[in-house]
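> In this note's numbering, the protein residues as written are 79 to 235. Note that CB positions come from ideal geometry on N, CA and C, so glycine has one too. What you are looking at is a predicted structure, and each value in this text was computed from that prediction instead of being measured.
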């Protein structure tokens with residue numbers, strides 16, 4: 079069963095643009111590289127041909143993966159998000175109960191996750207542990223280092 083990929087309109091459009099480039103620029107370039115390598119003689123001992131064929135296979139796999147992700151994507155409207163509970167696309171301000179350090183994360187789909195930008199995946203231990211929590215709740219999250227406790231301070235869009 080294929081999981082639904084929740085994304086913003088911006089991410090959906092970026093995925094479409096990436097797919098367009100892969101199909102219209104990279105795919106013809108891969109075909110041209112194979113044709114050029116084929117002209118260089120015996121295919122049994124032609125490393126350039128083998129490399130071009132392998133690159134084409136990887137490119138087709140990337141295209142298939144992106145097409146599948148787009149087909150299973152559901153665009154979420156940021157204006158319709160309920161901020162009474164932690165859900166995908168909400169920004170959550172947390173306080174680590176142990177260290178008293180406060181951080182803000184946006185809960186996003188796996189494809190959009192970027193820790194440096196403060197975006198964590200809904201499938202990550204912290205993201206999954208926060209889903210459904212309300213302001214004031216304490217979430218106990220099991221991570222490789224043990225169990226962390228986070229108090230939900232604020233939920234916004």
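Would you tell me roughly how many angstroms separate the C-alpha atoms of residue 151 and residue 140, rounded to the nearest one?
Numbered from 1 along the chain shown, position 73 holds the residue referred to as residue 151. Numbered from 1 along the chain shown, position 62 holds the residue referred to as residue 140. Answer to the nearest angstrom: the Cα atoms are 16 Å apart.
> Starting from residue 123, trace the beta strand (DSSP E) both ways and give me its first and last residue.
If you number the chain shown from 1, residue 123 lands on position 45. Taken as a continuous stretch (DSSP letters only), residue 123 belongs to no beta strand (DSSP E), as it is neither H nor E.
> Determine the DSSP secondary structure at residue 220, reduced to helix, strand or coil.
Here residue 220 refers to the residue found at position 142 of the chain shown. In the structure shown, residue 220 sits in a strand (DSSP, three-state: E or B).
> Do you know offhand how far residue 180's Cα is from residue 165's?
The residue you call residue 180 lines up with position 102 of the chain shown. The residue you call residue 165 lines up with position 87 of the chain shown. So the two alpha carbons sit approximately 19 Å from each other.
> Give the secondary structure of residue 232 by DSSP, where H, G and I count as helix, E and B as strand, and everything else as coil.
Here the question's residue 232 lines up with position 154 in the chain shown. Three-state result, residue 232: strand.
> If I'm right that residue 137 touches residue 105 with Cβ under 8 Å, what's the distance once you round it to whole angstroms?
Within the chain shown, residue 137 is the residue found at index 59, counting from 1. Within the chain shown, residue 105 is the residue found at index 27, counting from 1. Contact flag correct, Cβ pair sits at about 6 Å.
> Which residue comes first and which comes last in the beta strand (DSSP E) that contains residue 152?
Start at 1 with the first residue of the chain shown, and residue 152 comes out as number 74. Start and end: 151-153.
> Do residue 148 and residue 93 have their CB atoms nearer than 8 Å?
Within the chain shown, the letter at position 70 stands for residue 148. Within the chain shown, the letter at position 15 stands for residue 93. Closer than 8 Å, so yes.
> Could you give the residue range of the alpha helix (DSSP H) that holds residue 194?
As a working note, residue 194 is residue 116 in the chain shown. Here residue 194 belongs to no alpha helix (DSSP H), and DSSP marks it neither H nor E.
> What did DSSP end up calling residue 185 once you bin it into helix, strand or coil?
Working through the chain shown from its first residue, we reach residue 185 at position 107. It is a strand residue.
> Considering residue 92, what are the terminal residues of the alpha helix (DSSP H) in which it resides?
If you number the chain shown from 1, residue 92 lands on position 14. Run containing residue 92: 87-99, per the alpha helix (DSSP H) assignment.
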